[in-house]
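Undergrad:
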Amino acid sequence: MTSGDRFNADHLGLSLTQAERLYFQMRLIREFETTLLDLFSQNAVFGTTHTCLGQEANAVAIMEALDRNIDTVWSNHRCHGHFLAYCGKVAELFAEIMGRELGVCAGRGGSQHICWHRFHSNGVQGGIVPLALGTAMAGKAEGAVTVVFLGDGTLGQGVVYECLNLAALWQLPVLFVLEDNGVAQTTPSELVFSGNAQARAEAFGLESAYSDTSEVMALHATASDLISRIRNGGSPCFWHIRSVRLGPHSKGDDTRSPEQMAALQQRDPVRLNERLVDTPLRLEQRCKTIIREALAQAEASPVNDGSLTA
Amino acid sequence: MAADDRIMFWGEDILDPYGGAFKVSRGLSKRFGERVLTTPISEAAIVGIAAGRAMRGLPTVVEIMFGDFVTLCADQIVNHATKLPWVYNNQVQVPLVIRTPMGGYRGYGATHSQSLEKMFCGVPGLTVLAVNSYTDPGALLREAFALETPVLFVEQKILYARFVDALPVAPEKPDVALVCYGTMVEFSVQAAHRLSQEEEVYCKVVPVQQIWPLDEMSLVRELQSAERVLVIEEGTNGYGFGGECARLLARLGKPMGFVAANPHPIPNSRVYEDRALPSVDRIVEKAIQLFEQT
Ligand SMILES: Cc1ncc(C[n+]2csc(CCOP(=O)(O)OP(=O)(O)O)c2C)c(N)n1
């Protein structure tokens, strides 16, 4: 990270109160993702994407509890919310997804392969988990923690269990976050999952926690508690969060019924947490402006056609 | 490890007094203590953890007990360790060395004798190095670290019983160049000796240590003076070292021949294994056939 390339304090709302900040970040992520889906539906963007609509509270609660300078985040295909809550780089994420030179990876990676400072994502289910253990090991001496995100469908990957064992055995400071939205692409978890996720982690000797809420303050309290325990004790933890996916898996590929979707709306974290702030409309306007300007900035950047770099 | 205290090394059964299935790491755990870790039989995880650690600038070596099991780390190698540096626009480097014994002639059967490196040759961002008995493996390992990329470091297991030897001096105008790596280098040296004694055919043995990516320029330079080229590899025929050499050398217009293992699993019976894998006899025979082509 160079001095000219810092966390975007403004887009992270660092000058706001904590409650305002968490709401603001969720709102910003929501605006980003809905704008992105619009762009895709207008064929203005090419390729694929996975939005985190409904899961924004997890991202902002966890990033708020991290030391962004030293801690590491490993995210998966559904990484935009995690990334924006980590660093606030809106234009750079738009540009990345659009394959532009301004992109965080100069447009080489795209929606699910992004990296900046100590944030990384990759699109192979479960494959990031060993890497997370590696960065946790590397950072242990400096008191750094690594967070790795998993979806419920990813509990089908064997390497996840190799890593639960090794994280506990080698006492690595890593937080496994299971964002359980109850569905993997189109498959409801009851068709592919047996037993209990927390019990699986505990069987390997990890401490575990469970949350079933979209309340961002409650999620943040748990995140802070778990992360400080990991930082101080140096051992891993597994956190099972029941969450909701309010959008399609990717783009226009939802097979769930309207009744089911209506029920899930009750858990919408942006609506639920609106009462935390006095001026939600003002923050919403602020987010819309940021998104509009960032998008314009991304669109002004040249497409990376491979002529600049090898 | 003595020169760089950031280096860690891990793998299955590598601790003293055992020192690894092939004793390569004997003495290391005694000497370097906590920098040497024994691991569960979790090949994907141990390679991925090493890659993650390496990504933070800490060089890491993993031993895969038998090369046959690199298939279990394929996702970590192909989709993570080698891919992320590029897709992240070089924001990370991965100084990772995966050491593993490949190869047959030991009667270990179909799942403990293969030369699977060709499955990884061609993977962008990966370097594949192979030890032979005519160069110092320690120097090659140092080169592997200097690359600061993921490296698959292939050690053919019968070489563990060898001392490093000097390569015989090559004739100035060789009739045939024998291009080879790993165990096939000593087979080629023996074949060259027989060809000169029995057939008055003079060969130059061209051992390759970096088998992926192949250095086209130096290969062409080595082969310039040779009339014919025979490429020898221990792995099975097809989509391998021979094919890659042919791709790079076709423009030279020299007659080329190829020696590789038969395309079926490696049999258990010693005689049958010897027949399935390349032999000195087969190299000699194929070298002579090259004269019939011209
Ligand atoms: C190893 C692997 N297999 C299949 C896929 C294709 N894929 C992408 S996302 C996804 C569903 C993942 O579900 P889950 O882990 O529950 O996360 P969610 O999408 O619900 O956030 C699948 C099957 C993949 N990316 N990686």
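Protein chains in written order, with our numbering: chain A, 1 to 310; chain B, 311 to 604. Yeah, the Cβ is synthetic: ideal placement off N, Cα and C, and Gly gets one too.
Between the segment 14–22 of chain A and the segment 203–212 of chain A, do at least 3 Cβ pairs fall closer than 8 Å?
TA: Taking 8 Å as the limit for Cβ pairs, the verdict is that the segment 203–212 of chain A does not touch the segment 14–22 of chain A.
Undergrad: For residue 127 (chain A), which residues in chain B fall below 9 Å Cβ to Cβ?
TA: Residues of chain B passing the Cβ test: 354, 358, 385, 386, 389, 390.
Undergrad: For the segment 379–394 of chain B against the segment 352–359 of chain B, are there 3 or more C-beta pairs whose distance is under 8 Å?
TA: Touching, per the Cβ criterion.
Undergrad: When the Cα of residue 597 (chain B) is compared with those of B:502, B:521, B:405, which residue comes out closest?
TA: Nearest C-alpha to residue 597 (chain B): B:502.
Undergrad: Using only the alpha-carbon positions, how far apart do residue 497 (chain B) and residue 589 (chain B) sit?
TA: One C-alpha to the other measures close to 7 Å.
Undergrad: Using a Cβ-Cβ distance under 8 Å, would residue 52 (chain A) count as near chain B?
TA: Not one chain B Cβ lies under 8 Å of residue 52 (chain A).
Undergrad: If residue 317 (chain B) sits next to residue 369 (chain B), beta carbons under 8 Å apart, how far is it from one beta carbon to the other, in whole angstroms?
TA: Correct: roughly 5 Å between the Cβ atoms.
Undergrad: Measure the C-alpha to C-alpha separation of residue 575 (chain B) and residue 420 (chain B) and round it to an integer number of angstroms.
TA: Spanning the two alpha carbons is a distance of roughly 5 Å.
Undergrad: Pairs of beta-carbons, one from the segment 282–294 of chain A and one from the segment 86–103 of chain A, closer than 8 Å: are there three or more?
TA: In short, these stretches touch, since the Cβ pair count reaches three.
Undergrad: Rank A:272, A:186, A:215 by C-alpha distance to the C-alpha of residue 255 (chain A) and give the top, closest one.
TA: Checked all of A:272, A:186, A:215; the closest Cα to residue 255 (chain A) is A:186.
Undergrad: Going by DSSP, what residues sit across from residue 347 (chain B) in a beta bridge?
TA: According to DSSP, residue 347 (chain B) bridges with B:320.
Undergrad: Could you give the distance in angstroms between the alpha-carbon of residue 336 (chain B) and the alpha-carbon of residue 111 (chain A)?
TA: So the two alpha carbons sit approximately 46 Å from each other.
Undergrad: Is there at least one Cβ from chain B nearer than 8 Å to residue 124 (chain A)'s Cβ?
TA: Residue 124 (chain A) counts as touching chain B.
Undergrad: Suppose only complete runs of 4+ residues qualify. What are the alpha helix (DSSP H) ranges in the segment 409–473 of chain B, listed by chain order?
TA: Here the runs fully enclosed are 447–457.
Undergrad: Give the DSSP-derived three-state secondary structure of residue 329 (chain B) in the structure shown.
TA: Coil at residue 329 (chain B), not helix or strand.
Undergrad: Identify, in the order they occur along the chain, each residue of the same chain with its Cβ nearer than 6 Å to the Cβ of residue 1 (chain A), setting aside the five sequence neighbours on each side.
TA: Since pLDDT at residue 1 (chain A) reaches only 44, below the 50 mark, its modelled position is unreliable, and the value read off the structure follows with that caveat. So the qualifying residues of the chain are 117.
Undergrad: Consult DSSP for residue 477 (chain B) and reduce its assignment to one of helix, strand or coil.
TA: Reduced to three states, the DSSP call for residue 477 (chain B) is coil.
Undergrad: Who are the Cβ neighbours of residue 3 (chain A) in its own chain at under 8 Å, not counting the five residues just before and after it?
TA: Residue confidence is low: residue 3 (chain A) scores 37 on pLDDT, short of 50, so the model does not pin down where it sits. Its coordinate-derived value is still stated next. None.
Undergrad: Enumerate in chain order the residues of its own chain whose CB-to-CB distance from residue 318 (chain A) is below 7 Å, with the five nearest sequence positions on each side excluded.
TA: Examination of residue 318 (chain A) is not possible in this model, given that chain A is present from 1 through 310 alone.
Undergrad: With a cut-off of 8 Å on the beta carbons, I'd call residue 473 (chain B) and residue 521 (chain B) a contact; round off their distance for me.
TA: The Cβ separation is near 23 Å, so there is no contact.
Undergrad: What three-state label does DSSP hand residue 390 (chain A) in the structure shown?
TA: Within the shown structure, residues of chain A are numbered from 1 to 310, placing residue 390 (chain A) beyond reach of any answer.
Undergrad: Whose C-alpha, out of A:216, A:192, A:50, is nearest the C-alpha of residue 247 (chain A)?
TA: Answer by Cα proximity: A:50.
Undergrad: Can you tell me whether DSSP reads residue 2 (chain A) as helix, strand or coil?
TA: Confidence at residue 2 (chain A) is low in this model, with a pLDDT of 43, below 50, so the placement of that residue is unreliable and no value is reported for it.
Undergrad: What does DSSP give as the partner residue(s) for residue 517 (chain B) in the beta ladder?
TA: Residue 517 (chain B) is bridged to B:490.
Undergrad: Within the same chain, show all residues whose beta-carbon is closer than 6 Å to that of residue 78 (chain A), passing over the 5 residues directly before and after it, in chain order.
TA: 50, 52.
Undergrad: Measuring from the CB of residue 253 (chain A), is there a heavy atom of ligand 1 at a distance below 7 Å?
TA: Answer for residue 253 (chain A): no, Cβ out of range of ligand 1.
Undergrad: For ligand 1, I want to know if residue 125 (chain A) counts as a neighbour, meaning its beta carbon is within less than 7 Å of at least one of the ligand's heavy atoms.
TA: True, at least one ligand heavy atom lies under 7 Å from that Cβ.
Undergrad: Are the C-beta atoms of residue 540 (chain B) and some chain A residue less than 8 Å apart?
TA: By this cut-off, residue 540 (chain B) is not an interface position.
Undergrad: Looking at chain A, is there any beta carbon in it that lies within less than 8 Å of the beta carbon of residue 484 (chain B)?
TA: Not closer than 8 Å to any Cβ of chain A, the Cβ of residue 484 (chain B) fails to qualify, so no.
Undergrad: Restricting to runs no shorter than 3 residues, where is the beta strand (DSSP E) found entirely within the segment 137–166 of chain A?
TA: Segments of the beta strand (DSSP E) lying fully in the segment 137–166 of chain A: 146–151.
Undergrad: Say whether chain A places a C-beta atom closer than 8 Å to the C-beta of residue 556 (chain B).
TA: Not an interface residue.
Undergrad: At a cut of 8 Å, does the segment 437–446 of chain B reach the segment 499–519 of chain B through at least three beta carbon pairs?
TA: Yes, they touch.
Undergrad: Quick test of the definition: if touching needs 3 or more C-beta pairs under 8 Å, does the segment 62–74 of chain A touch the segment 40–47 of chain A?
TA: No contact exists between the segment 62–74 of chain A and the segment 40–47 of chain A.
Undergrad: Taking the continuous beta strand (DSSP E) assigned at residue 73 (chain A), which residues delimit it?
TA: Counting along the chain, the beta strand (DSSP E) containing residue 73 (chain A) begins and ends at 72–75.
Undergrad: If you check the beta carbons only, do residue 369 (chain A) and residue 181 (chain A) fall under 8 Å apart?
TA: Nothing can be reported for residue 369 (chain A): it is not among the residues displayed for chain A, which extend from 1 to 310.
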